[in-house]
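Trainee: Got a structure for you, questions after.
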Amino acid sequence: MTTLLNAVQPATLLPADGTWFHNPAIQQGLLQAIWETLEMSFVATLITVLIGLPLGLALVATSKGHLFPNPGVNSVLAVIVNFGRSIPFLILAIAIMPFTRLVSGSTLGWKATVVPLVVGAVPYFARLVESNILGIEWGKVEAAQMMGASRSRILFDVLVREASAPLVQSITILAVTIIGYGAMAGALGAGGLGQMAMNYGYSRFEPDVMVITVIMIAIIVQLTQMIGDMISRRVDHR
1 MTTLLNAVQP
11 ATLLPADGTW
21 FHNPAIQQGL
31 LQAIWETLEM
41 SFVATLITVL
51 IGLPLGLALV
61 ATSKGHLFPN
71 PGVNSVLAVI
81 VNFGRSIPFL
91 ILAIAIMPFT
101 RLVSGSTLGW
111 KATVVPLVVG
121 AVPYFARLVE
131 SNILGIEWGK
141 VEAAQMMGAS
151 RSRILFDVLV
161 REASAPLVQS
171 ITILAVTIIG
181 YGAMAGALGA
191 GGLGQMAMNY
201 GYSRFEPDVM
211 VITVIMIAII
221 VQLTQMIGDM
231 ISRRVDHR
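And the structure:
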């Protein structure tokens, strides 16, 4: 790990001739680190939702007694999701480095880190989607069936619509989790606030950088939660 940490150090570390907001690392690197964290979190969350939402719907729809019951497909999906959720993120990120390099051309930087973030978060989000959809009263499905709605329409126009508020809450939880994973991935050269905290706060023993980066991450998480709560209230049809 020491070798790995040394490998992700910037080529020329800025001299620490000040502290707090007079620290050159803060003055010249904080805004870029915040922007990289936002980009990494947004892109990873978006791709995870695009993949995890249909996967979660498939888990529900293929379960016993549901709209498209298929025990074989459901068992395979469940095993894939459970296996994906069982691997700690840092171990996953290291294990799939060849795949990350194949997809993004590198294993360093926020763009490359999106790959393990998505791989690690999709199974987690699929289970959240499954839980949200299963929380919808079955009577609403039966009412739609009595009106002649197709199974596909029931899945998307009834179940997804009725679960829109909890789904937004799940996406918010997902985004906050990805922000945390992204900060953790700073130890592997992910860029953003996590790498800044690792390079300067930990490796160079600069507590001011560590404190400021932690505060910035906490503010981003708080704003994400507030935006998620606001959208959830607006789409709540219950």
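Heads up: the sequence shown begins at 1 in full-length UniProt numbering, then just goes up one per residue. Even glycine gets a Cβ: it sits at the ideal position worked out from N, Cα and C. Bear in mind the structure is a predicted one, so any value in this text is a computation, not a measurement.
Out of G186, M216, D236, M196, point me to the one whose CA is closest to G29's CA.
Mentor: Taking the first residue of the sequence shown as 1, we reach residue 29 at position 29. With distances taken between Cα atoms, G29 lies closest to M196.
Trainee: Where K111 and L134 are concerned, what is the direct C-alpha to C-alpha distance, given to the nearest angstrom?
Mentor: Looking up residue 111 in the sequence shown gives position 111. Looking up residue 134 in the sequence shown gives position 134. If I take the Cα positions, the gap works out to 34 Å.
Trainee: Along the chain, where does the alpha helix (DSSP H) that runs through K64 open and close?
Mentor: Residue 64 sits at position 64 when you count from the first residue of the sequence shown. Counting along the chain, K64 falls outside any alpha helix (DSSP H), and DSSP gives it neither H nor E.
Trainee: If you follow the alpha helix (DSSP H) that D157 is part of, which residue opens it and which one closes it?
Mentor: Position 157 of the sequence shown, counted from the start, is the residue given in the question as residue 157. No alpha helix (DSSP H) holds D157; DSSP gives it neither H nor E.
Trainee: On the CB-based measure, 16 or more other CB atoms within 10 Å of its CB, does I212 come out buried or exposed?
Mentor: Walking along the sequence shown from the start, residue 212 turns up at place 212. With 16 or more Cβ atoms within 10 Å of its Cβ, I212 is classed as buried.
Trainee: Output needed for L57: all residues of its chain with C-beta closer than 7 Å, excluding positions within five of it in sequence on either side, in chain order.
Mentor: As a working note, residue 57 is residue 57 in the sequence shown. Result list for L57: V129, I133, L155, in chain order.
Trainee: Name the residue from T113, R127, G189 whose alpha carbon lies nearest to the alpha carbon of V49.
Mentor: Start at 1 with the first residue of the sequence shown, and residue 49 comes out as number 49. The candidate whose alpha carbon is nearest that of V49 is R127.
Trainee: Give the range of the alpha helix (DSSP H) segment to which residue 243 is assigned.
Mentor: In the structure as shown, the chain begins at 1 and stops at 238. Residue 243 is therefore absent and cannot be evaluated.
Trainee: If you draw a straight line from the alpha carbon of V235 to that of G18, how long is it in whole angstroms?
Mentor: Counting from one through the sequence shown, the residue named residue 235 turns up at place 235. Counting from one through the sequence shown, the residue named residue 18 turns up at place 18. Taking the straight line from one Cα to the other gives about 48 Å.
Trainee: Give every residue of the same chain whose Cβ lies closer than 6 Å to the Cβ of P123, excluding the five residues on either side of it in the sequence, and list them in chain order.
Mentor: Mapped onto the sequence shown, residue 123 falls at position 123. Hits under 6 Å: V81, G84, R85.
Trainee: In whole angstroms, what separates the C-alpha of residue 270 from that of L53?
Mentor: Nothing about residue 270 can be read from this structure; the chain reaches only from 1 to 238.
Trainee: A121 to L174, Cα distance in whole Å?
Mentor: As a position in the sequence shown, residue 121 is number 121, starting the count at 1. As a position in the sequence shown, residue 174 is number 174, starting the count at 1. Their Cα atoms are separated by approximately 7 Å.
Trainee: Contact check, I217 vs L188 under 8 Å by CB: the rounded distance?
Mentor: If you number the sequence shown from 1, residue 217 lands on position 217. If you number the sequence shown from 1, residue 188 lands on position 188. About 17 Å separates the two Cβ atoms, so there is no contact after all.
Trainee: Who are the near neighbours of A93 in its chain, counting only those whose CB is closer than 7 Å to its CB and skipping five residues on each side?
Mentor: Counting from one through the sequence shown, the residue named residue 93 turns up at place 93. Cβ neighbours of A93 beyond the five flanking positions: P116, A185, L188.
Trainee: Would V114 and V43 qualify as a contact pair, given that the criterion is a beta-carbon distance under 8 Å?
Mentor: As a working mapping, residue 114 is identified with position 114 in the sequence shown. As a working mapping, residue 43 is identified with position 43 in the sequence shown. Yes, Cβ-Cβ distance for V114 and V43 is below 8 Å.
Trainee: Taking the alpha carbon of G172 as the point to measure from, which residue in T62, M226, A143, E206 has its own alpha carbon closest?
Mentor: As a first step, residue 172 must be located in the sequence shown, where it is residue number 172. A quick correction: the sequence has Thr, not Gly, at residue 172. Residue M226 is the option with its Cα nearest to T172.
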